Structure formats: C-alpha cells, structure tokens
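Let me begin by presenting the structure, written as structure tokens, before commenting on it.
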Amino acid sequence: MSSSTTAFASEAVQQKLSRLDINSEHDLLLHLPLRYEDETHLYPINDAPEGKTVQVEGLIIHSEVLARPRQQLVLQVEDGSGIFFIRFLHFYGSQIKRYAVGKRVRLLGEMRQGFFGAEMVHPKCKVVTENDALANTLTPVYPTTAGLSQTMIIKLIGKVLNNIENKSLLSETLPDSILDKYQLAGFKASIVFLHQPSPDASAVSLLARTHPAWRRIKFDELLAQQLSMRLHYRLRHKRNAPAQPAKNKLTQALLAALSFQLTSAQKKTLTEISHDLALHHPMQRLLQGDVGCGKTIVAALAALQAIENDCQVAMMAPTEILAEQNYQKLSAWLTPLNITVVWLSGSQKKKQKNEVLADIASGHAMLSIGTHALFQDQVEFDRLGLAIIDEQHRFGVHQRLALCSKSKQADIVPHQLMMSATPIPRTLSMSYYADLDVSIIDKLPPGRSPVITKLIADSRRNEIIMRIHDACQTGKQAYWVCPLIEESETLQLKTAQETYETLSQALANLNIGLIHGKLPTAEKSALMLAFKQGEIQLLVATTVIEVGVDVPNASLMVIEHAERMGLSQLHQLRGRIGRGAETGVCILMYQEPLSKIARKRLKIIFKHTDGFEIARQDLNLRGPGEFLGVRQSGVPLLRFADLEKDHDLIEAAQTAAEEMLTHYPQMAQQHLKRWLEEKNEYLRV
Ligand code: ADP
Ligand code: MG
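In our numbering, the protein residues as written are 362 to 1046.
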C-alpha cells in the first residue's frame, strides 16, 4: 500500500473509492473528469439553444402531478424572458414539496421541444435564492460508483488540492529544460486546472483532451512508462553475458548452402543482432516482421554465431507443431555443418527425453529446440549463450526468465532474441516494448505475390467445395481451416472431425488429411510431411496451423466462420499461402448476421495484405490491453495517453526519459515514484 493511504476519507468512503482504484491521495488527484458541465452562467429561457446542455433559472409558477400517460411531476418555470416545462418521470413525495409554486430553481439540462413546447426532462434541479452565486469554474463530472456522489468526489478532491501539507503531491518532477523543450505546462497548474477549469477554458480541447493541461498529464504518464522500461533495460544491460563475436565461418557456410540470398532487410537485422551478440552484456532484442518475411533464417544465423563461440543455443516455440517445424528447418540447415541439434517436447518418450537431457547437460547438444519443455526442472544447460523465443507474446515473463536461468553458470545471462509472429505497430513498440531493442524486417522476400482474399457467405459452401475440387485436380494444394470454438476444445475437435468426414464424402477422389492439436506428435509430423510432399491434397485443419507452418506449394485456403477469428489470427492463417510460385487465394467464409465488429474485421482483412497496416488497425479496434497478450500481465496500461492520437508525445517522452536518466536521475526517481509506486513490479527478463 502506498504511503499516503493514511485516512483521507472515512473507511466506508475509502472502500467505495477503492472500487474506482483510488487508494491514495495521489490516486484521487489523478481521478480526472470525464467531462464538464458549465454552471458558470445562465441562459434566458427564450434564448437557450436546443439540443445542448444549458443552465437556466426561474420561478416555479405551476406544479402538478399527472397520472397519464404515466405518473409524472410537471413544473412550469418562468424567468421574464419565457416559460417552459420540467418533467420528472421518477420523483419522491419530498420533491413535490421542495419544488413548490413560488420557489426559485436553477436547472441544468437539455432544452428540447416537447408536446407542450420547450421542456427539460430530469434536469439537475437546485432550489436557490435570488442572486445566489454562480459557479466560477466548470463543474467536473467524474467516473463514479454506486453510493459515491459527484459532490462527494468533488469535495474529496478539493480537500486534497487545498491541503497545504500535500505540497509534495503536487511538486514539479520535471527539470526546466524539459518543460521548455517540449513546451509543457506545470504539473500542479495542470492538475488544478483539470479539476477546476476556468469558465473561459476551451470546452472542445478539454473534451478532446488536447488542452495543454491534458498534454502535460499524458506526457507524465508516458514518461513514467519510458523511465521504468529504460531503467530496467539499463539494469539488465549491466549483467554479464558471454561475448560472441562474429567469426563468419559457420554462418558463411550456411549462407553458401542456401538456395536463396538474404534480402537487404534480413541482412540489416542480422547485422544488428550480430553486433549485440559480440558484447559482453545480454542482448534484449525483438525481431519482428510480417508473416513470411523470413525470420527463421535470421534466427538460424544468430544461433550459428553463438555456436561458433562454443555457446549453446535454445530455441523455444509455444506449440509443438511450430517447435517441430523449427526443428526440421534448423536441423536441415545445421546438421550438414556437423552441429548437434536436439528436440525436446513434453510428449517425448522417457528414454529418448533422458538422452536429450543428457546431451544438453553435457554441452554436446549445441542447439536445442522445443516447447515449454525447455525450461522444465530437469533441464540444465552446460553453457547456454543464446535463448531464442519464437512467438514471444505467447510466453509470460516468468517463462522467459525460467529459460534464461537454465545455465550452469549462474552469474551469466544468455543473450535473448525474441521473435514476434505478426508485426507490432510502431506506437506499440515505442511504448510497451521500450525495454527492448527492436529489429524490423520490413520487406518480404522477392517473388511473393499478394494473396487474393474473397469473402463468401457460408450459404455458398457447395460452390466452394467444387472450386477446391477443381483446383486440387490441377495439382494445387489447399488448407481447409475449421471453425474456431473458443468455449470448448472437445466441440472444436468434433467439428473438425465432422468437417473432415463431409469433405471426404464430397471429394472422394482427393487425398484428404485431418490435423488437430490433440494428435500425437508423430502423427502430426507424418501428416505435415505428407502434405509437404504433395501426397495429401487437401489438409483439413484446426487453427493449429495458424503459426509458422510453411508448405510453399499450398496456394489455397478456406477459412470457415472467419467472423469468429481475430485479425492477427486471420492474417497468420492467410500467411500460410502465397509462399510459392502460385498466386494464393484465401476464401473467408462467414455466417450472417455479422456483428458490427466482425464486419469491421473482415473488411480490414479483405482490404489489406500488409501486416503492419492490419496490426495498426487491430490495435485501434482492440486497444493495447488485448493486443499485448501474455506480455500484458503486470504491465500497467496507459490510462490517459492514446497510442494513436498522442504519437508525438510518445516520441517526446522517449527522448526525455533518456535525458532524465542521464542528467536528472533523482528527478527521474521522483517521477517514477509518483506514477508507478505500486505498479513497478514487472521487471522483465
Ligand atoms: P516467418 O518470418 O513468418 O517466420 P519464415 O522464416 O518461415 O517466415 O520464412 C518464410 C519462407 O520464406 C520460408 O520458406 C523461407 O525459407 C523463405 N525465405 C526466407 N528468406 C528468404 C529469402 N531471402 N529469399 C527467398 N525465400 C526466403
Ligand atoms: Mg516463423
């Protein structure tokens, strides 16, 4: 609990506040209004604009409870300029008395034309006396919870703002140089302003959160994020890692053996990685790029540089099918170079597993590829120098930490190369990934033609089946992706089996295979091999093929119930085709009626093939929380700043963070304490 958790309200009130995540006076100060109401001036009744919240005042000249068309309290109010009606559809007996004829009331509400003329329904209504003072600041409207009134919140915040002993809560944490450079308003002035804005404040900029006071708060929030991430980054960089300078022997040998040339984008990322590996502190690099851009070969070359320096390498993937495929690819590349590559998985037989474990422990196995099995208790590396984590977002911090602590040499931390399956939008990598160095493969290998995407209603299923039939007859290969059933794995499996059976009946002269997550590993790999070799023409699959599967001859894909899938999943699936000479065609089958969000998603995936653009739009649709996946756990999400709209502030905060850590470390600490005191436990590995 924070230091300022000392009673700032009664226990009952504090309990309610904690429902709003307010646990300290600082939290109260940062409980910022959703919007504002203008009670600083009065409109004459006759001039009050319609359709807008306005304040008027007048005498009650008539009061009546109507029984029809439904029970309601109707008042008539007059102010010299005009007369209008007030209607309360819910009211207490006490209100009838309070709003008696002759009373003066101040009303805040939306004026509109009703059955009898101008009226307000359920306005905010206060009995006043003539010349009662008007508010001199805009009235904030706060997010609240049951039993906690706006007035109560306003009072509590006012108390904190006015308490002279709270000076440190409002002190400035930024040096003048940064305030000047980024033209930022002061912290205290900004907080006070947002809670009590003067009547002449631009309502539009307050609402749009572009007002300088808002900018300052957002900047502070982003700065705290950058500071904390860069601080962790610096701490980790102080640790020791085995320096693995490029020797260009094994790597050259592999490059010479490849059937293709690296693209310039691949070369650039490889140079960055190679440079990091040569240093004696641990690399923390994220390698990202669109589906199919060729991350695997870059990872293989990085592994070779480590192996050239007699370091062991571990490569971890989140699913067996992906790990297995990495194993096949990398052993095909590395075994000819006399390097021992081993495979470790949960489903392995005990005897075989023990052999592999012994090879890893003795240091004989130079490259170990596997799933979560790689960081289980029995695993110990002799001298782990590089950990490669494929699909990094599917692993939690602790799992990555577990893998990296698997070396016998306890004081040495391996280098880490993380890979992401789908591109990460720039704003996201600048903010939530600021604790990593990022390498981007921004171009696909030559000769790829974009996949053609078709949206077809599921009512035309038979037509689609016939098209698949005809295509497979001409030597093409296709995937048929079964519907995703998130609620039940059993049901998902059942559906896949049924799909397989109906397709086998409808397409009796084709060779059809069924692959799903529950199959034993050996069967899965046999199926994938048969598909790769062209023996299977149509592969019915659950979403297990989503990541990484690479069969260049497959050029067709049907995805059933595409409306149930997320954008990155669809993009990943579609990325399985269009990898060979044949133009890929992806048929997205959907079932009507489509929800609004599903319609949006399908439109995006239909229109775009560029993964970075799809990712950007996905981030917009879902927000960072969902986008970040497992990585999110423990990471405080941004409350005020918006990744898309506040792009310029993210950049400013990034530069400012480095500046503060270097030149104003104490103020940096103060700033972090203010913003992340409780939330700073997410040390990443
Ligand atoms: P991803 O980045 O999605 O993991 P992969 O590493 O699986 O992509 O690569 C996709 C395909 O592209 C593989 O078949 C791979 O061999 C091939 N590939 C990679 N780099 C090149 C290149 N420079 N030129 C041609 N093909 C390449
Ligand atoms: Mg991959």
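Even for Gly, the Cβ is constructed at its ideal location relative to N, Cα and C.
All values reported here derive from a predicted model rather than from experimental measurement.
In this structure, residue 912 lies away from residue 861, with their beta-carbon atoms at least 8 angstroms apart.
A residue is called buried when at least 16 other Cβ atoms come within 10 angstroms of its Cβ; residue 1019 does not meet this threshold and is exposed. Here residue 591 is actually not in contact with residue 1004; their C-beta atoms are around 18 angstroms apart, not less than 8 angstroms. At least one heavy atom of ligand 1 sits closer than 7 angstroms to the Cβ of residue 940.
Between residue 760 and residue 675, the alpha-carbon positions lie close to 13 angstroms from each other.
Between the stretch 803-813 and the stretch 624-631 there are three or more C-beta pairs closer than 8 angstroms, enough to call the two in contact. Under the three-state reduction of DSSP output, residue 436 falls in the strand class.
Under the DSSP assignment, residue 376 falls in the alpha helix (DSSP H) whose first and last residues are 372-380.
Exclusion of residue 680 from the 7 angstroms shell around ligand 2 follows from its C-beta lying no nearer than that to any non-hydrogen atom of the ligand. Note on geometry: alpha-carbon atoms of residue 536 and residue 548 lie some 11 angstroms from one another. In this structure, the straight-line span from the alpha carbon of residue 720 to that of residue 593 is close to 34 angstroms. For residue 646, the secondary structure class from DSSP, reduced to helix, strand or coil, is strand. Using a cutoff of 7 angstroms, the CB of residue 895 does not count as near ligand 1, since none of the ligand's heavy atoms is closer than that. A distance below 6 angstroms between beta-carbons, with the five flanking residues on each side excluded, links residue 654 to the following residues of its chain, in chain order: 802, 805. In this model, residue 640 and residue 580 are separated by some 34 angstroms (Cα to Cα). Exclusion of the five residues before and after residue 552 leaves 390, 531 as the residues of its chain whose Cβ lies within less than 7 angstroms of its Cβ. Checking the 7 angstroms criterion, the Cβ of residue 656 is within range of a heavy atom belonging to ligand 2. In this structure, the straight-line span from the alpha carbon of residue 426 to that of residue 416 is close to 24 angstroms. Pairwise C-beta distances place the stretch 395-409 out of contact with the stretch 514-530, as fewer than three of them are shorter than 8 angstroms. Residue 504 places its beta carbon less than 8 angstroms from that of residue 395.
Pairing residue 644 with residue 370, the inter-Cα distance amounts to about 48 angstroms. If you draw a straight line from the Cα of residue 562 to the Cα of residue 556, it comes to about 12 angstroms. In the structure shown, residue 415 falls within a strand segment according to DSSP collapsed to helix, strand and coil.
If you draw a straight line from the Cα of residue 700 to the Cα of residue 810, it comes to about 35 angstroms. Only residues of its own chain outside the window of five on either side were considered, and among them 401, 557, 558, 559, 560 have a CB closer than 8 angstroms to the CB of residue 498, listed in chain order.
Using a C-beta cut-off of 8 angstroms, the stretch 445-459 makes contact with the stretch 475-492, since at least three inter-stretch Cβ pairs fall below that distance.
Boundaries around residue 1019 are those of the alpha helix (DSSP H), 1008-1024, since no beta strand (DSSP E) includes it. The C-beta of residue 667 has 16 or more other C-beta atoms within 10 Å across all chains shown, which makes the residue buried. Taken through DSSP and simplified to helix, strand or coil, residue 834 comes out as helix. Annotation for residue 848: no alpha helix (DSSP H) segment contains it, and DSSP assigns it neither H nor E. Of the residues 868, 651, 633, the one whose Cα lies closest to the Cα of residue 935 is 651. DSSP places residue 768 in the strand class (E or B) of the three-state scheme. In this structure, the CA atom of residue 520 is about 21 angstroms from the CA atom of residue 494. Counting of Cβ neighbours within 10 angstroms places residue 1024 among the exposed residues, the total staying below 16.
Going by C-alpha positions, residue 963 is about 7 angstroms away from residue 924.
In the structure shown, residue 785 falls within a coil segment according to DSSP collapsed to helix, strand and coil.
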